[in-house]
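Undergrad:
Numbering (this note's numbering), first residue to last: 4 to 382.
Given below as structure tokens:
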């Protein structure tokens, strides 16, 4: 249950289904109304206990007392079955719904055993007072109530494993792309480094030969032309295979990483994403990745905000958090120089603002090239 600007009785993910289940409690409650209040006031109290315990269990996890609310429901339901009618044992499905959310097999077993003992005791007392067949019909109910929590846990674990597998596959795909980019970068470095060194040496040789041996200088110049053409072809082949970083994918990955660290994430792109050139997307994506990594590792924040603005003359990416602040020395050792080096390729700039106890703000600005601005002005 949450209080504040608005009342929220159940977690949002349960939707209207939770309220339907709560209202369903009033059906067995109606069977108490014809009886004198003095005889059934404890029943009214138990219904209130069951409703409150079940409502609270929808908000709880195992680590903050879910099992206790399960046990309260079991005891209250058993009391209703003992005091008024064994038919009230059907309310055990409310306890089972909460029990199935327990993670520990040990706690599920303890809860199921408690339910079996108390419900069986209730039926035993009823067996002595009522017809045998009326009591024996509840045995299938006990079996179902006992087995259902284990089935719910297995189903939940299956969904979690499937989600983890999907996340792992996404991460593997991302790592493969990054590895491929690094391989191409190494190939570019090795190819261009060797070729440019060769061109430099031959151009120096041409400079010395041009006055003394013109014919040999011409031959060397032709070799330079052939070498540059070969290098250009190699670069084209490498670049054609290279996939640029997709900024949208990096934003999605950042959200998953922050969510896994318990940090909420808001995004405001202001329609700029669709207009980003591939090279801009690559540089901004790598910078965003570095910023988010530092937020997770060093900020102790609970919220991170990313804003991408398409200003008149530049793209602006702002990443802020509400953490304790990141010391500039820490940032210097965790990617700030690397981001500045990448941005320097595009005449971009990086500004880092930090207020101790109030979080940090990183602003990345990349100027738009003249061709883009001209094209926009013609629209």
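By construction, the Cβ of each residue, glycine as well, lies at the ideal position given by its N, Cα and C atoms.
1) Buried or exposed: where does residue 64 fall if 16 or more other Cβ atoms within 10 Å of its Cβ makes it buried?
2) Using alpha carbons as the reference points, say which of 326, 346 and 212 lies closest to residue 220.
3) Who are the Cβ neighbours of residue 267 in its own chain at under 8 Å, not counting the five residues just before and after it?
4) How about residue 84 and residue 32: are their beta carbons less than 8 Å apart?
5) My assumption, with CB atoms under 8 Å, is that residue 317 sits in contact with residue 365. Please give the rounded CB distance.
6) Do residue 310 and residue 321 have their C-beta atoms within less than 8 Å of each other?
7) How about residue 152 and residue 103: are their beta carbons less than 8 Å apart?
8) Does the stretch 47-55 come close enough to the stretch 20-30 that 3 or more CB-CB pairs lie under 8 Å?
9) Assuming residue 223 and residue 235 make a contact with CB atoms under 8 Å, what is their CB distance in whole Å?
10) My guess is that residue 94 and residue 80 are in contact by the Cβ rule of under 8 Å, so how many angstroms apart are they, rounded?
11) Would you mind giving the Cβ-Cβ distance between residue 259 and residue 200, rounded to the nearest angstrom? I have them listed as a contact below 8 Å.
12) Where does residue 306 fall in DSSP's three states?
13) Give the single residue among 150, 181, 291 and 43 whose Cα lies nearest to the Cα of residue 96.
14) Which same chain residues end up closer than 6 Å to residue 375 when comparing Cβ atoms and leaving out the 5 residues on each side of it in sequence?
15) For residue 48, name the three-state secondary structure that DSSP assigns.
16) Per DSSP, which residues does residue 354 bridge with? Please list them.
17) For the alpha helix (DSSP H) that residue 285 lies in, which residues bound it at each end?
18) Which residues does DSSP list as the beta-bridge partners of residue 173?
19) Helix, strand or coil for residue 61, going by three-state DSSP, please let me know.
20) DSSP state of residue 312, grouped into three classes?
21) Identify whether residue 107 lies in helix, strand or coil by the three-state DSSP scheme.
22) Apply the 10 Å Cβ neighbour rule to residue 118 and answer buried if 16 or more other Cβ atoms are within range, or exposed otherwise.
23) Per DSSP, residue 321 is paired with what?
24) In angstroms with no decimal places, state the Cα-to-Cα distance between residue 71 and residue 78.
25) Based on Cα-Cα distance, which residue from 230, 231 and 281 lies nearest to residue 252?
26) For residue 206 and residue 293, I'd like the C-alpha separation in whole angstroms.
27) Return the CA-CA distance between residue 58 and residue 67, expressed in angstroms with no decimal places.
28) Report the rounded CA-to-CA distance for residue 283 versus residue 341, giving the unit in angstroms.
29) What do you reckon, are the CB atoms on residue 367 and residue 290 nearer than 8 Å?
30) As a quick exercise: from 287, 355, 312 and 299, pick the residue whose alpha carbon is nearest that of residue 348.
31) Taking only the alpha-carbon atoms, compute the straight-line gap between residue 256 and residue 23 and give it to the nearest angstrom.
32) Here's the rule: buried if 16 or more other CB atoms are within 10 angstroms of the residue's CB, otherwise exposed. What is residue 19?
33) So, are the CB atoms of residue 323 and residue 362 less than 8 Å apart?
TA: If we stick to the structure as given:
1) exposed
2) 212
3) 261, 305, 306 and 307
4) no
5) Actually they do not touch by this definition, with Cβ atoms about 15 Å apart.
6) yes
7) yes
8) yes
9) The pair is not a contact, with the Cβ atoms about 19 Å apart (cut-off 8 Å).
10) 5 Å
11) About 43 Å separates the two Cβ atoms, so there is no contact after all.
12) strand
13) 150
14) Interpretation of residue 375 is limited by its pLDDT of 48, a score under 50 that renders its predicted location unreliable; the figure taken from the coordinates is listed afterwards. Once the five neighbours on either side are set aside, residue 375 has no close Cβ partner at all.
15) helix
16) 366
17) 281-297
18) Answer is none; residue 173 lacks a bridge partner.
19) coil
20) strand
21) coil
22) buried
23) 310 and 366
24) 11 Å
25) 281
26) 41 Å
27) 15 Å
28) 16 Å
29) yes
30) 287
31) 37 Å
32) exposed
33) yes
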